[in-house]
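Chemist:
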Amino acid sequence: MLSAKRLVPTYAHSPGVTSLSYSPDGKYLLTAGSNQLIRKFTVGQEIEPVTIEQHDGEIYGLNSSSKHFASCSDDGTAALFDFSTNEFVGLLTRSPLPLRTVSFSPQGDWVAIAGDKPEIVIVNTEEFIANMNVNNSNDDNDDHASVASTATRQFKLPIHPRGVKHVNFHPSGLLVSTSCLDGVLRFFSLSSQTPTLEKELTDVVPKVDINDDATMKVAWHPDGTCFAVATRTRQIAIFSRDNYTQIGVFSSEYGTTNSNMPYKAYGGHNGMLTDLEWSPNGAYLASTSSDGTMLIWDAKSLASINKFEQDELTQLKWNPSKNQISMTTSKGQLFTVDDPVPQQFSDIVQPMGNKVHRLELAAPKVANKLFTSNTETMAVPVTRTKLIDPKPRTYNKDPELGQVDDLRFSDDNGEEDEPMENFAGLDDFVVDDDGAGYVPSREDLDQQSRKRGADYDGDGFGDDYYPNGKRSVSSASKRAVEIIQDPFQPGSTPWQDKNRCMTMSSLGYVRSTITEREDALQSITVHFFDRSVHREYHFTDNESLDMASMNLAGCLFARSNLERHNTNEGGPDYNNKNQPAAIFFRFHDNHLEDWEITLDDPHDSIRAITASENLCVVCTTKGYVLIYTIHGIPIEIYREAGDAVVTCASWKDYYLTIRQCGATNRLNYSIEQAPSLDNHNNRSSTSVFLQKNQALGFNQNQKLLSAFFSHNGDPCIVGTDGILSVLLHWRHPTQARWVPLLDLHQLALSKSTSSDGEKTIGYWPLGLVEDKFQCIILKGLAFRNGYPALPLPPHSELSIHVPFESREYEQKALESRIMYNLRHDEFQSIRTNRDSDSAVTLSDLSAKLLEMDKFFLRLLSDCCKESKSTKAFSVAKLINKDNALAAATKIALRFQMDDLAEKINSIRECRMLGTADDDEDDE
1 MLSAKRLVPT YAHSPGVTSL SYSPDGKYLL TAGSNQLIRK FTVGQEIEPV TIEQHDGEIY
61 GLNSSSKHFA SCSDDGTAAL FDFSTNEFVG LLTRSPLPLR TVSFSPQGDW VAIAGDKPEI
121 VIVNTEEFIA NMNVNNSNDD NDDHASVAST ATRQFKLPIH PRGVKHVNFH PSGLLVSTSC
181 LDGVLRFFSL SSQTPTLEKE LTDVVPKVDI NDDATMKVAW HPDGTCFAVA TRTRQIAIFS
241 RDNYTQIGVF SSEYGTTNSN MPYKAYGGHN GMLTDLEWSP NGAYLASTSS DGTMLIWDAK
301 SLASINKFEQ DELTQLKWNP SKNQISMTTS KGQLFTVDDP VPQQFSDIVQ PMGNKVHRLE
361 LAAPKVANKL FTSNTETMAV PVTRTKLIDP KPRTYNKDPE LGQVDDLRFS DDNGEEDEPM
421 ENFAGLDDFV VDDDGAGYVP SREDLDQQSR KRGADYDGDG FGDDYYPNGK RSVSSASKRA
481 VEIIQDPFQP GSTPWQDKNR CMTMSSLGYV RSTITEREDA LQSITVHFFD RSVHREYHFT
541 DNESLDMASM NLAGCLFARS NLERHNTNEG GPDYNNKNQP AAIFFRFHDN HLEDWEITLD
601 DPHDSIRAIT ASENLCVVCT TKGYVLIYTI HGIPIEIYRE AGDAVVTCAS WKDYYLTIRQ
661 CGATNRLNYS IEQAPSLDNH NNRSSTSVFL QKNQALGFNQ NQKLLSAFFS HNGDPCIVGT
721 DGILSVLLHW RHPTQARWVP LLDLHQLALS KSTSSDGEKT IGYWPLGLVE DKFQCIILKG
781 LAFRNGYPAL PLPPHSELSI HVPFESREYE QKALESRIMY NLRHDEFQSI RTNRDSDSAV
841 TLSDLSAKLL EMDKFFLRLL SDCCKESKST KAFSVAKLIN KDNALAAATK IALRFQMDDL
901 AEKINSIREC RMLGTADDDE DDE
């Protein structure tokens, strides 16, 4: 039994309150205590810890993020430190009374501080650091003791009746919980600029004195669906995040009455609880008590599975990267327990990792809110917002293979999951609030089944249509369910904690926040990644806006009146206005006049919108395509009835529409150039189709995640297969082709840290700038949800990497050729007066050719080293510039390959005879 092992203490601090915190990667352990010191231990190495001294009083609180750690003290100060250098950054806040608790948001961009003074301060760390750097550079005295300036974004929660013992962020970062000494738990929403009180829980946790060791904290489960607290009856209760009601309890009764447990149950605590915390993946919970015990609880059975004894335990922390727990005592001691989860459990589920485990409680009404099993991970369906699993699940729908009640999911490898009845409680786990169509309602499924006569194979005919009420296994078993894709706006996300993104691009994003006001549905904020271009602004929405598209000039909004938006769970009630569909354009510059247009047909609705620098495009349910200038002047209207629009995008005078082919998942695209408003322009006065109803560049079993134009004006798509593709030669009819630039799934696998080879990160597409893919990296809860949480983390740039196995220089040469072809197409459009305002020049093309030739020369050199003269000559014929061919001749002579050098010179002679100037050939 593990508890029989002797725990060896580390005397980290003098007796008193001793806090601890692991770094998110589990490599370092921080402790702080009454001797006014912070100590930084390297996990797994017996070396002297780093000692950091800053405070003038006992240190009560300690917390860390990936880049920083913060502490608060009896001296009333909260300090921020750099994790890599251990240097003091500055004072986050100062209080006349002691500060007791400090907590980082999941992304580390906010930090909350509270203490004996009944207020909570939340500071933006990024702006704080930036302002401190500016202040320090302008301060000759280099006074590092200055507190966060007014320029730093920060806010305070409403005043509490008494001091605050704990403050904790929800995994989404948009909710914060406080534990007040009056025994009340309060939950504040941070989804708007002014924090609002969402819920108060009374008579749950005990009322304690500020110096008591008893804990009142809210321990959020990693998936954010619930939280655990220590109750007044010395039990650990689980509450639902949705309605704040109790849905379970860890106690000794669960351990002694469950006869199916294959292990010994250790019962519960006999004293007040001093700390509790979920394991990194939520499969277990650890708790300490004043009775001198630490218990490990199984989240499936709600029973204790291991017990450790040590006097005066006060705090504990799980190591994020291994089966390890560290604890501190009121004597200033530090204990580290290896393998706290017994072997028979750790063989099944390790306590660490990014897979969040769902718990199966006895009450059916809450089975969808917690976890299915401690041996099964949370299954997130493939949706249009997720770059995680390219393998869509299919149904075994053939009548001879099983009845409806025995319906099972099957993977591509033929393995079957549990019967559907085991998942009955999970019907509403994923909400189709972005309209991606991945969660049809049970009523819709039943209605479709009745209409088609139990049409199990999905071919549109009921099975009673066929003789004997069934069809052959050979044809039905090969048929997969078609994935029907609903319309969406690129970059839009579902509602989460009263927030959603209406659109997102490399320029910025538009956020919608539900308000509590009776005269308004929501508040809309327009954010810019580059704040030097525009400042963010917000306004109150009274028009039921649910779509958006942004450009450098302004934002196009729409009241779509789509039924899927009107019934959007988690969002505002768009039905209360009962107004026709309409579009609204709002300029970023307040000096320009905004405009709005209402659709004449009250029964029509808007499926997709897009806005570029020059035009606005609106696609309706009845097939109308409406084109306006950005000042609201209508320039064209036409109708394409039949295939429904899924999404659209635009760039300058071009717009891309993607439509669904009938009742299948096959998607077609069309690219049009809007009519010219310049009478001196040679372009047509009507729209011109450059591509018409061409197949989209991915497998029909995949779904489209995003469609956009690159910074240079090339159409790009990303599907659930994780492939970023760009459309080459799209200005030439019948010549367009989709070229893969990056495999995001393979990149995610290479960047993931999971020991079982599973992906632990994902990528949310924003745009393509030259050869850099801009995206939001999804980690933790955002990865499990499949979309980024608000507020957004900083975006990242990934270099393109054509997904095929080859030598480095061969691959680089191919990538350079793709980028050259894209720019050459753009240059040709200038010469034909199609894109008169394009910025590409002849020198740009020449630079691209030179870059390509450099990779060809390196490849030719490798071929010469390996004495592959035939391949080297093939490479030489691909070289573009004459000076590069001259360099190739020198390389061949250096390797004493005279015949190859002569052949390369013959290529030069032929080209010189064919053209007088090599540069002219570039044109």
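Take UniProt numbering: the last position of the sequence shown gets the number 923, and nothing is skipped along the way. Note that CB positions come from ideal geometry on N, CA and C, so glycine has one too.
Please name the residue or residues paired with Q246 in a DSSP beta bridge.
Modeler: Beta-bridge pairing links Q246 to F239.
Chemist: Reducing DSSP to helix, strand and coil, say where H745 ends up.
Modeler: Correct three-state label for H745: helix.
Chemist: What residues match up with E159 in a beta bridge as DSSP calls it?
Modeler: Correcting the residue type first, residue 159 is Ile in the shown sequence and not Glu. Beta-bridge pairing links I159 to no other residue.
Chemist: Could you work out which residue in L285, W110, P15, I627 is closest to K331 when comparing CA atoms only?
Modeler: Ranking L285, W110, P15, I627 by Cα distance to K331 puts P15 first.
Chemist: Does A219 come out as helix, strand or coil in the three-state DSSP assignment?
Modeler: It is a strand residue.
Chemist: Taking the beta carbon of Q735 as the centre, do at least 16 other beta carbons fall within 10 Å, making it buried, or is it exposed?
Modeler: Result: exposed.
Chemist: If the criterion is Cβ atoms closer than 8 Å, does the pair S549 and T503 meet it?
Modeler: Yes; because the gap between Cβ atoms is below 8 Å, this pair is in contact.
Chemist: Since K317 sits in a beta bridge, which residues does DSSP pair it with?
Modeler: In DSSP, K317 forms a bridge with S326.
Chemist: Checking 8 Å against the spacing of the C-beta atoms, do I630 and C616 come in under that value?
Modeler: In this structure, C616 lies closer than 8 Å to I630 by Cβ.
Chemist: Tell me which same chain residues have a C-beta within less than 6 Å of the C-beta of I493, skipping the five on either side of it?
Modeler: Note on residue identity: the sequence assigns Thr, not Ile, to residue 493. Closer than 6 Å at Cβ, skipping near neighbours: R500, C501, Y787.
Chemist: Note down the Cα distance separating K300 from F250, rounded to an integer number of angstroms.
Modeler: Straight-line Cα distance between these residues: approximately 10 Å.
Chemist: Given a threshold of 16 other Cβ atoms within 10 Å of its Cβ, counted over all protein chains shown, does D203 qualify as buried or as exposed?
Modeler: Exposed.
Chemist: Going by alpha carbons, who is nearest to Y763 out of P794, W738, D771, G33?
Modeler: Residue P794 is the option with its Cα nearest to Y763.
Chemist: Among E563, E127, Q673, which has the Cα closest to the Cα of G713?
Modeler: The residue with the shortest Cα to Cα distance from G713 is Q673.
Chemist: Return the residue from the list E87, C180, V718, N133 that minimises the CA-CA distance to P118.
Modeler: Of the listed residues, the one whose Cα sits closest to P118 is C180.
Chemist: Would you tell me roughly how many angstroms separate the C-alpha atoms of L747 and R784, rounded to the nearest one?
Modeler: If you take the alpha carbons of L747 and R784, they lie about 17 Å apart.
Chemist: Tell me whether the beta-carbon of I606 lies closer than 8 Å to the beta-carbon of V618.
Modeler: In contact: I606 and V618 (Cβ atoms closer than 8 Å).
Chemist: Name the one or two DSSP bridge partners that K779 has.
Modeler: Partner(s): I761.
Chemist: Under 6 Å Cβ to Cβ from residue 945, same chain only, skipping five residues before and after it: list those, please.
Modeler: In the structure displayed, the chain extends from 1 to 923; residue 945 sits before or after that span and is not available.
Chemist: Less than 8 Å between the CB atoms is what I'm expecting for P98 and G76, so what's the real figure, rounded?
Modeler: Confirmed, about 6 Å.
Chemist: Could you check if L175 belongs to the surroundings of the ligand COA, using beta carbon to heavy atom distance under 7 Å?
Modeler: Inclusion of the ligand COA in the displayed structure is not the case, the ligand content being empty and no account of it being possible.
Chemist: In chain order, what residues of the same chain lie with their CB nearer than 7 Å to the CB of V205, ignoring the 5 residues before and after it?
Modeler: The answer, listed in chain order, is S179, G183, L185, M216, V229, A230, T231, R232.
Chemist: Going along the chain, which residues of its own chain have a beta-carbon closer than 7 Å to the beta-carbon of Y284, five neighbours each way excluded?
Modeler: These residues qualify, in order along the chain: I296, W297, D298, A299, V341, P351.
Chemist: Pick out whichever of G780, N306, L913 has its Cα sitting closest to the Cα of N281.
Modeler: If we check each option's Cα against that of N281, G780 comes out closest.
Chemist: Can you tell me the Cα-Cα spacing of G267 and E198, whole angstroms?
Modeler: The straight-line gap from Cα to Cα measures roughly 35 Å.
Chemist: Please report the distance separating the alpha-carbon of L778 from that of G491.
Modeler: Distance between the alpha carbons of L778 and G491 is about 14 Å.
Chemist: Hey, how far is the Cα of Q579 from the Cα of G623?
Modeler: Cα to Cα, Q579 sits roughly 20 Å from G623.
Chemist: Compare the C-alpha of Q333 against each of D530, A12, C226, F488 and name the closest.
Modeler: Ranking the options by Cα distance to Q333, first place goes to A12.
Chemist: Sort H160, S105, H221 by Cα distance to L174 and report the nearest one.
Modeler: Looking at the Cα atoms, S105 is the closest of the given residues.
Chemist: Who are N306's beta bridge partners in DSSP?
Modeler: Partner(s): I296.
Chemist: Mapping the DSSP letters down to three states, classify R607 as helix, strand or coil.
Modeler: It is a strand residue.
Chemist: Starting from L37 and walking both ways along the beta strand (DSSP E), at which residues does that stretch end?
Modeler: That run of the beta strand (DSSP E) goes 37–42.
Chemist: Ends of the alpha helix (DSSP H) at S869?
Modeler: Looking at the DSSP string, the run of the alpha helix (DSSP H) that includes S869 is 869–878.
Chemist: Alpha carbons only, please: which of R858, I627, D209, I597 is nearest the one belonging to A611?
Modeler: The shortest Cα separation from A611 among R858, I627, D209, I597 belongs to I627.
Chemist: Of the residues H68, E770, Q496, which one's Cα is nearest the Cα of D844?
Modeler: The option with the nearest alpha carbon to D844 is E770.
Chemist: In angstroms, rounded to a whole number, what distance separates the CA positions of D853 and A888?
Modeler: Distance between the alpha carbons of D853 and A888 is about 10 Å.
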